[in-house]
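Heads up, the thing below is written out as structure tokens.
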Amino acid sequence: MTATAPRRTGAVTPGRGTSETPPRRAAIAARTLRTDRWWLQPLVTVVVLVLFIVYSSVRAFQNAHYFAEPYISPFYSPCLTTDCEGDTFPELFTGPSWISPAIYILVVPLGFRLTCYYYRKAYYRSFWQSPPACAVAEPHRRYTGETRLPLLGQNLHRYFFYAGLVFNVILTYDAVLAFRDETGEWGHMGLGTLVLLANAALLWLYSLSCHSCRHIVGGRLNSFSRHPLRYRFWTVVSKLNANHMKFAWVSLVGVAFADFYVLLLATDTISDLRFF
Amino acid sequence: MTYDATFRVWRGDAGGGDLQTFTVEVNEGEVVLDVIHRLQSTQAGDLAVRWNCKAGKCGSCSAEINGRPRLMCMTRMSTFGEAETVTVTPLRTFPVVRDLVTDVSYNYEKAAQIPAFTPRPREADGSHRMQQVDVERSQEFRKCIECFLCQDTCHVIRDHEENKAVFAGPRFLIRLAELDMHPLDVVDRRHEAQDEFGLGYCNITKCCSEVCPEGIHLTDNGIIPLKERVVDRRYDPLTWLGSKIRRRPRD
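Chains A and B supply the protein sequences, listed in that same order. Heads up: take any position in the first sequence, counting from 1, add 72, and you land on my numbering. Heads up: take any position in the second sequence, counting from 1, add 795, and you land on my numbering.
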């Protein structure tokens, strides 16, 4: 290997965090000189994510109104305890009654989104303000990024991706079961069927456009020409990947809407629009 | 269409300085660098500014315009209102030499630390062969003009001078990615990327991609794939095991 220069150097002047301008840099006191509304995007991110977190927490702990034949809310699917409404899934165990069946399964979609490369950008910027926007100073005195625990755990993203795929299959299965009517007869379709189908489709798009997925299907290879099939997979996933942010948001809203629709049905607030 | 614009330009050196206000003529079709040159020729003859090609290809005229890292030669005056004050400051992340000129040697020191391209042995007929699809990913990063706007905007070193020792910055992380993806290269740089060049410091907030005048997708196509490659070796027991029992060749 070619010899390289000594490491861990680089024109360093003693750092003092953000409280003052490091020596020898241009003395500019303002935190940023940006004149545009740079604070708007992090603000919108905080508002939307907080709304989702509040709504999904209330629904997950509510432990009611998540099943309206033949639809099951995506927050409670797969529902695996003996307390579950409906009989879509095998009832594997009996948990304490105060624990909602949603709690056992939410760790997977939560972990998948929490370690997602797009959401990381979104919440590092908006919640942790690291940085709040480009060329706007962050408020922290020290910064170690993802080099230490717990943030080193972000590297587990691919395992959440694998687990998330299982959930996508289950939610697709739910959408297929929604072609049955209240009595279990096939040949039914209502607005709820469409909602569950759209939800499953959006979750597939979000999962398959994931950066880890892109790496796994072909990105890890150095020679595409020797793996033409994987190169084609990689090309397709790369195209999806360019829209990962869009899919992240749309699928987040989609899953909340699907749950909300089932809630409205289960509480008899509305009745399902039936196509056939 | 000619009008008088208000410019605030940072003037000073490492000992101190401030934003000075000028009123300067702007003509139709001009860019910020044109106006800075007019300022230099009419009102501030000793204004220090580094520039070269005026075509967005040499990467010399990097500065911060209204707080955003930009090339002065590629920032059209038509993007500002006539009444808008345009503020031009030197790159914040690097030591200032004078006025708009900064000392970017940090970048050259980091560049010298990267293990160089090391190709596999030539084939029997003395040539190196590779397919276009195999080098395409690396070629995107070859568009880099080394304007160092990504280095300037990266908060890891912009806001934390002390991280300069352990973090190479986005420009050199994509250099590592470029070499690691190269079909002919045989050196494994993944452990060094993490331990020596600070890949883990990057929290993928994508400012480098936002400011790149060449439109390189530094984060999506360079840094994240490199992070995933590091995960393969260091944090994923399955791929690590696969590599140990030679079920996963590195090609």
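Don't be surprised by glycine CBs; every beta carbon is placed ideally from N, CA and C.
The Cβ atoms of A/ILE144 and A/ASP253 do not sit closer than 8 Å to each other.
Taken through DSSP and simplified to helix, strand or coil, A/TRP306 comes out as helix. In the three-state reduction of the DSSP assignment, A/PHE184 falls in the helix class. Not a single C-beta of chain A is nearer than 8 Å to the C-beta of B/CYS942. Neighbours of A/PHE296 in chain B, taken as residues at a C-beta separation under 9 Å, are given in chain order as GLN926, VAL928, ASP929, GLU931, ARG932, PRO978.
If you draw a straight line from the Cα of A/CYS151 to the Cα of A/PHE319, it comes to about 25 Å. Proximity of chain B to A/PRO173 at the Cβ level (cut-off 8 Å) is not reached, the minimal Cβ distance being about 30 Å. Flagged as an interface residue toward chain A: B/ARG887, by a C-beta distance shorter than 8 Å. For B/ARG1024, there is no enclosing beta strand (DSSP E); the residue is part of the alpha helix (DSSP H) that begins and ends at 1019–1029. Contact annotation for A/TYR215 against chain B: HIS950, VAL951, ASP954, HIS955, ASN958, TYR996 [CB-CB distance below 8 Å, chain order]. Look at B/VAL881 here: in three-state DSSP terms it is strand.
For B/TRP1035, none of the residues of chain A pass the 9 Å Cβ criterion, the least Cβ distance being about 12 Å. For B/GLY807, the enclosing beta strand (DSSP E) begins and ends at 798–808. Contact between B/ARG871 and A/ALA207 does not hold, since the beta-carbon distance rounds to 19 Å and is not under 8 Å. Here A/ALA272 is near A/ASN240, since their CB atoms are less than 8 Å apart.
Within chain B, the residues ASN998, ILE999, THR1000, LYS1001, THR1014 have their CB atoms less than 9 Å from the CB of A/LYS193, given in chain order. Identification of chain A residues near B/PRO1020 by a Cβ-Cβ cut-off of 9 Å yields HIS283, ARG286, HIS287, GLY291, ARG292, ordered along the chain. Take B/GLY851, set aside five residues on each side of it, and the residues of its chain with a beta-carbon closer than 7 Å to its own are LEU866, CYS868, MET869, PRO1008, in chain order.
Closer than 8 Å to the CB of A/SER202 there is at least one CB belonging to chain B. Residue contact check for B/VAL891 against chain A: a CB pair falls below 8 Å.
Counting along the chain, B/THR948 sits inside no beta strand (DSSP E); it lies in the alpha helix (DSSP H) bounded by residues 944–948. In the structure shown, A/LEU115 falls within a helical segment according to DSSP collapsed to helix, strand and coil. Residues are counted here when their Cβ sits less than 7 Å from a Cβ of chain A; for the stretch 902–913 of chain B these are GLU904, LYS905, ALA907, GLN908, ILE909, PRO910, ALA911, THR913, given in chain order.
Of the residues assessed, B/CYS848 falls on the exposed side of the cut-off, its CB having fewer than 16 other CB atoms within 10 angstroms. In this structure, A/PHE305 sits away from B/VAL928, with a CB-CB distance that is not shorter than 8 Å.
For B/PHE889, there is no enclosing beta strand (DSSP E), as DSSP marks it with neither H nor E. Contact between the stretch 1009–1020 of chain B and the stretch 922–941 of chain B is present, with at least three C-beta pairs closer than 8 Å.
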